[in-house]
Amino acid sequence: MTITRTGLMLAVAVTAQCGLSTYASAEVSAQEAAKLGKELTCVGAEQAGNAEGTIPPYTGKYLGEVPGWQHVKFSGDHPVDPYAAEKPIAVITAQNMSQYEAHLTEGQKALLKKYPTTYKMNIYPGHRDFRYPDYVCRRAMDNALHAKLVNDGAGFTGLGQVPFPIPKNGMELLWNHQLPARAWTEEKTSDLASVLPNDSIGWGRALARNLSPANSPVVDPSTDGKIQSLSNNMTLKPARDNGTLNIAHEPYNFATDARQAWTYSPSTRRVRQLPGYGYDQPMIGTNGTMTVDEDRLYNGSPERYTWKLIGKREIYTPANAFKANAGTLKYADILTPNHPNPDVMRYELRRVWVLQADLKEGFRHVYGKRVLFIDEDTWNSVLADNYDARGQLWKHAMVNYYYHPDMSGWQAGSQFFMDLNSGQYTGYGMTNESKKGPILNEGKYTPDQYTADAARASGR
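FYI, the numbering for the sequence shown is -26 to -1, 1 to 434, going by mature numbering (1 follows the signal peptide of the UniProt record, and there is no 0).
Here it is, written out as structure tokens:
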């Protein structure tokens, strides 16, 4: 594994953490914070490219626009690829992977070995062309100077976006993954496909209407507000579950305010609370290939794992995934046997933070170890390698993010979760065949729409 000099210095600075360790916020100095917007981007990425020229410098030349995408605000139009004319500069296969293995994760290498005749990775030129609004930059600076972990990392105090732009330990890095700058309000209809080794597919569809106070562009989102996000997800397919509604509240501090969740069943017309919702409970409709805490590769309370900042690496990751989320693609083009179609994916060499989660003694989870690869420009986890209780690599997952003008930030598009043992995989959050793509930051949702009473009223 290759770790950059910056990453190595950070990793050495991190105290070895075991299940009994504590996470103390290591506040950055004013001198360190002053690097934001200069040698670092305003959210903490290295402005410069790498020495080899294979990772470009950050330009951030586009704000709220994507060249070639004639986007109409809040219209739900599907993304258009500004780099559609580009051709791969390399293609990684099982036959040549040894040349590139320093820039591959263990899961990527396992996929190449398991499917040597069909799996490949198309590598494209790198681009770091899009930027966040100024209010995101201002909040990141404020957090760099003032944000603190509390309750052994179960929560933090500060503002709700990019809590630790210069992270010093694994828990600070995790909170950046949990709370990057993303949509304030989100409305989308997305599809789920569980693809079995015999090529049969189980389908699901859901309507999501989400509100994230942590990402409000209107008021600065203080953790004093207690709730970072609220979700409202209605099942549309399969038909037997049509109308089932799940509502959840996600706190800023999992020690003082647990996740709250309710479900409404149209068959009983009753609402019931879901205590302990999350962790490794199976995600409905995924045939066991995805757990509740895997959406965006990890979500929820950090309590079951010890979180370790490993360092930074240069990895081929999904990036600028406009093509993979285009409305011109049909699911038949994407959902090929054994793994998603490599020809719709775009990989670039990117700097990522590596975050390792080890299951604590006395806690249970189907994953004994998880490794997240977090994009330095956005704080979004883009890849994950998950291991079973015996320490054997089990699953590889990826998220196709793209820049969306509605919010001037990166939207989670299709996600893929691949079981390296059984050969089945799940496509999640796909909007290619939806009539509309995501509608973001329209601002039409309010907290009173995310209560048990609201769930009950949905069935009337």
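All C-beta atoms in this analysis are idealised placements derived from N, C-alpha and C, irrespective of residue type, glycine included.
* Which parts of the region 59 to 95 are runs of the alpha helix (DSSP H), unbroken and 4 residues or longer, counting only runs that do not cross its ends? -> 80 to 88
* How about residue 379 and residue 39: do their beta carbons lie closer than 7 Å? -> yes
* **Cβ-based burial, residue 117 [other Cβ within 10 Å; buried from 16]** => buried
* To do: For residue 37, count neighbouring Cβ atoms within 10 angstroms of its own Cβ and tell me buried if that reaches 16, exposed if not.
  => exposed
* Exposed unless 16 or more other CB atoms sit within 10 angstroms - verdict on residue 60 -> Counting Cβ neighbours within 10 Å, residue 60 comes out exposed, since fewer than 16 surround it.
* **C-alpha gap between residue 166 and residue 197, whole angstroms** => 33 Å
* DSSP beta-bridge partners of residue 45 -> According to DSSP, which records beta bridges pairwise, residue 45 is partnered with nothing at all.
* Which residues DSSP lists as bridging residue 169, in chain order -> 175 and 399
* Cβ atoms of residue 363 and residue 391: under 7 Å apart, would you say? -> no
* One or two residues paired with residue 370 in a DSSP bridge -> 359 and 392
* Asked: What is the rounded straight-line gap between the Cα of residue 54 and the Cα of residue 221?
  -> 32 Å
* To do: Select from 329, 176, 103 and 293 the residue whose C-alpha is nearest the C-alpha of residue 21.
  => Out of 329, 176, 103 and 293, 103 has the C-alpha closest to the C-alpha of residue 21.
* With DSSP collapsed to three states, give me the class of residue 437. => What the structure shows of the chain is the stretch from -26 to 434, and residue 437 is not part of that stretch, so it cannot be assessed.
* Start and end of the alpha helix (DSSP H) containing residue 6? -> Per DSSP, residue 6 belongs to the alpha helix (DSSP H) from 4 to 7.
* Reducing DSSP to helix, strand and coil, say where residue -6 ends up. => With a pLDDT of only 47 at residue -6, under 50, the local geometry of the prediction cannot be trusted, and no value is derived from it.
* Looking at C-alpha atoms only, which residue of 98, 82, 48 and 91 is the closest neighbour of residue 65? -> Ranking the options by Cα distance to residue 65, first place goes to 98.
* **Nearest candidate by alpha-carbon position, reference residue 94, set 313, 282, 203 and 149** => Measuring from the Cα of residue 94, the nearest candidate turns out to be 313.
* **Host alpha helix (DSSP H) of residue 119 (start-end)** => 108 to 120 is the span of the alpha helix (DSSP H), which, as asked, contains residue 119.
* **Residues near residue 4 in its chain [Cβ-Cβ closer than 8 Å; skip 5 each side]** => 119
* Asked: Taking the alpha carbon of residue 246 as the point to measure from, which residue in 428, 9 and 292 has its own alpha carbon closest?
  -> 428
* Taking the DSSP output, what are the residues bridged to residue 438? -> Any question about residue 438 goes unanswered here, given that the chain covers just -26 to 434.
* **CA-to-CA distance, residue 142 to residue -6, given in whole angstroms** => For residue -6, the pLDDT reaches just 47, beneath the cut-off of 50, and the residue's location in the model is therefore unreliable, although a value from the coordinates is still provided. C-alpha separation (whole angstroms): 15 Å.
* Asked: Are the Cβ atoms of residue 339 and residue 270 separated by less than 7 Å?
  -> no
* To do: Write down every uninterrupted run of the beta strand (DSSP E) in the region 262 to 338 whose length is 3 residues or greater and which is fully enclosed by it, in chain order.
  => Whole beta strand (DSSP E) segments, 3+ residues: 279 to 292 and 321 to 333.
* Rounded separation between residue 91 and residue 335 - CA only -> Cα to Cα, the separation comes out at about 41 Å.
* Near residue 2, what residues of its chain come up, given a Cβ to Cβ distance below 6 Å and the 5 sequence neighbours on each side ignored? -> 118 and 140
* Asked: By Cβ distance, which residues of its chain are closer than 7 Å to residue 316, with the 5 residues on each side in sequence left out?
  -> Result list for residue 316: 93, 94, 95 and 96, in chain order.
* **According to DSSP, residues forming a beta bridge with residue 222** => The beta-bridge partner set that DSSP reports for residue 222 consists of 205 and 235.
* Just grab the DSSP bridge partners of residue 378 for me. => 383
* Asked: Are at least three pairs of beta-carbons, each pair with one atom in the region 302 to 310 and one in the region 254 to 263, less than 8 Å apart?
  -> no
* **Burial state of residue 431, where buried means 16 or more other Cβ atoms lie within 10 Å** => Its Cβ having fewer than 16 others within 10 Å, residue 431 is exposed.
* Rounded C-alpha distance that separates residue 158 from residue 180 -> 19 Å
* Out of 328, 10 and 161, point me to the one whose CA is closest to residue 415's CA. => 161
* Asked: Between the region 168 to 185 and the region 410 to 424, are three or more C-beta pairs nearer than 8 Å?
  -> yes
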